[in-house]
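Residue numbers (my numbering): 229 to 909. Just so you know, even glycine gets a beta-carbon here, dropped at the ideal spot from N, CA and C. Quick caveat, the model's predicted, so the values are computed rather than measured. All remarks here apply to the structure that follows.
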């Protein structure tokens, strides 16, 4: 067997799908790939002796297998649905793409068979959802075949559901299948001989194609997501694999690209990101978008704007009236900003707004803030025939450190409110009596707590929404003060991150959690920040614990989703290594931070924890409900399980179950305790 044939043979053998080659006249099985034997549990000889008819039951009829083979001979190709019985008695539903092939006087049935258990279960659970999102990212890296004849048969089956093209060494198209023409809108005559740039969309950066060509020319497979252009000017998204095809001299002779269209999945993601970034009341950007824009702005300055005495207005006139006032104030401020190239406007929580400037002169920005204060003071807003005079407090920060920009502006706002100043510019002197004092106090508390072993994990149950079982727990750090009071990490964790004590806290929680669960059958999760993952000593502690206790299959590492990732390679390497130990990965607080499609694909998470602020708002916030439904549907398309955080009552629990969320966590099931429910110590 030459190298090329061996490659095709390996592609077939290690395909994700089961592959059969059966003689039509007598039902004799000439070939089954290794995937078939692994999934069904039989040896080749056992299956040959049993016969396909003994393990196959048609899904919608009772026709015998030989009649099915004769039908194939007549129609040439068909899609068949049936039930296969594995050696252990387990029954699995399958979809078979079947092709008739005549070779050397013999009629063959070539079947590519896929286990569709997950698909059928999802259809039952999601029958009321959008079935158009049923197609997920399906990788087609099938490696083919022991002969060219069987390769052609497999190619025909592959063409049926994927966008396939071949190109020469210069990147000129030499072949496209029908699906390529159907999706792109071009016909073959317009495509053959042209460069692939004919479908290149202007939104796709040229750097992506530079990496693509560098990769495939080095004889490596390239995989990525690309936005392509249609003939009519529209676009479509594809998940694409490009494989260089080698000859017997190990030289590249052509390239084959297999694409799966994911346009609807990308549209769903864009909808999700829009909801995440938009304030539902005013339709302006929200806090999440502000934080993201701060990190992406080259030279940012920030102004926070707070309505004075809004609570009194809200309490006197009612929340509906308050909402209308918020909208009017927001529109008034936005109209004053005018230059959208240098300034962006946001509505944050409650009665607070923000203006983010980029590269604006300090004096100009301060004058704009004064203009906003004056304009609102001089404008009497009419709400439901009531004339309302509005005054605001404005704080501004010009901090160079983007991470401290919002915090410093917020600190200036609190100081301005306290001293009844309408405008206050942040400077470092505000820190002296607040942050420094607080940091010193908690640093001392941390030092004593670590020295006296008073850093402990508390455990909160995560409940299976189908069975109601308490078989998972999250480890949450707590500090026990000198009086025995249990202190939340809200008061000390951020300070710990700025000191030498943070690593010690993480390692303590890890060690005590492993010790607590080592002799149980319970699964437990531990939170890790990107700082933890990037720390070599912390990583070493994790792998030492995994090796010592040997319980990796019951460990989930929750990555704090609100943190940005700068070095994906190191994070992905860590995830790969812990998964090899049996561990799983969860993304924590999803819906509040860097929530995007690429993030999920890269991290290959097993669980998505939906942020508690969204779960708490399900009953009275239509947008929150739409967003959560979108996240649930989105995660199912990616094969990930979902966990609802902050489930505090039966009404919320019933709703999250109805929405198809897999697990729940919150005070309805129990607050964090020193030991999991039912365990001592």
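Asked                                                                                                                                                                                  : Found
Could you give the uninterrupted runs of the beta strand (DSSP E) lying entirely in the region 796–870, keeping only those of 3 residues or more?                                      : 812–818 and 835–838
Taking all protein chains shown into account, decide if residue 923 is buried (16 or more other Cβ within 10 angstroms of its Cβ) or exposed.                                          : One cannot answer for residue 923 here, as it falls past the ends of the chain, which runs 229 to 909.
Would you mind listing the alpha helix (DSSP H) stretches within the region 398–457 that are 4+ residues and don't spill past its ends, in chain order?                                : 406–412, 416–419 and 434–445
Pick helix, strand or coil for residue 582, following the three-state DSSP scheme.                                                                                                     : strand
Using the rule of at least 16 other Cβ atoms within 10 Å of the residue's Cβ for burial, across every protein chain shown, is residue 868 buried or exposed?                           : buried
Just to confirm before moving on: does the CB-CB distance between residue 320 and residue 310 stay below 7 angstroms?                                                                  : no
Less than 7 angstroms between the C-beta atoms of residue 462 and residue 424, yes or no?                                                                                              : no
Of the residues 763, 281 and 332, which one's Cα is nearest the Cα of residue 312?                                                                                                     : 281
Is the distance from the Cβ of residue 800 to the Cβ of residue 818 below 7 angstroms?                                                                                                 : no
Once you ignore the five residues that flank residue 919 on each side, which residues in its own chain have a CB closer than 7 angstroms to its CB?                                    : The displayed coordinates of the chain run from 229 to 909. Any statement about residue 919 would go beyond what the structure contains.
Go through the region 685–730 residue by residue and report every complete run of the beta strand (DSSP E) that reaches 3 residues or more, in order.                                  : 698–708
Rounding to the nearest angstrom, what Cα-Cα distance links residue 764 and residue 703 in this structure?                                                                             : 22 angstroms
For residue 895, which of helix, strand or coil comes out of DSSP?                                                                                                                     : coil
List the residues that DSSP assigns as beta-bridge partners of residue 749.                                                                                                            : Paired residues: none, contrary to the question.
Please name the residue in 531, 721, 877 and 304 whose C-alpha comes closest to that of residue 675.                                                                                   : 721
Going by DSSP, name the residue or residues bridged to residue 325.                                                                                                                    : 307 and 340
Excluding the five sequence neighbours on either side, which residues of its own chain have a C-beta within less than 7 angstroms of the C-beta of residue 709, listed in chain order? : 673 and 715
Pop quiz: residue 684 and residue 740 are said to be a contact at Cβ under 8 angstroms. What is the actual Cβ separation, rounded to whole angstroms?                                  : 7 angstroms
The alpha helix (DSSP H) with residue 265 in it runs from where to where?                                                                                                              : 262–268
Of the choices 454, 418 and 459, whose alpha-carbon is the least far from that of residue 470?                                                                                         : 454
Could you check where the alpha helix (DSSP H) with residue 634 kicks off and where it finishes?                                                                                       : 630–646
Using CA coordinates, which residue listed in 689, 753, 603 and 645 is at the minimum distance from residue 737?                                                                       : 753
For residue 769, which residues of its own chain have a beta-carbon under 7 angstroms away from its beta-carbon, when the five flanking residues on both sides are left out?           : 735 and 738
Look up residue 528 in the DSSP assignment and give the residues it is bridged to.                                                                                                     : 586
Whole angstroms is fine: what's the gap from residue 444's alpha carbon to residue 339's?                                                                                              : 30 angstroms
If you reduce the DSSP assignment to three classes, tell me which class residue 513 lands in.                                                                                          : strand
How is residue 607 classed by DSSP in three states: helix, strand or coil?                                                                                                             : coil
If you reduce the DSSP assignment to three classes, tell me which class residue 612 lands in.                                                                                          : coil
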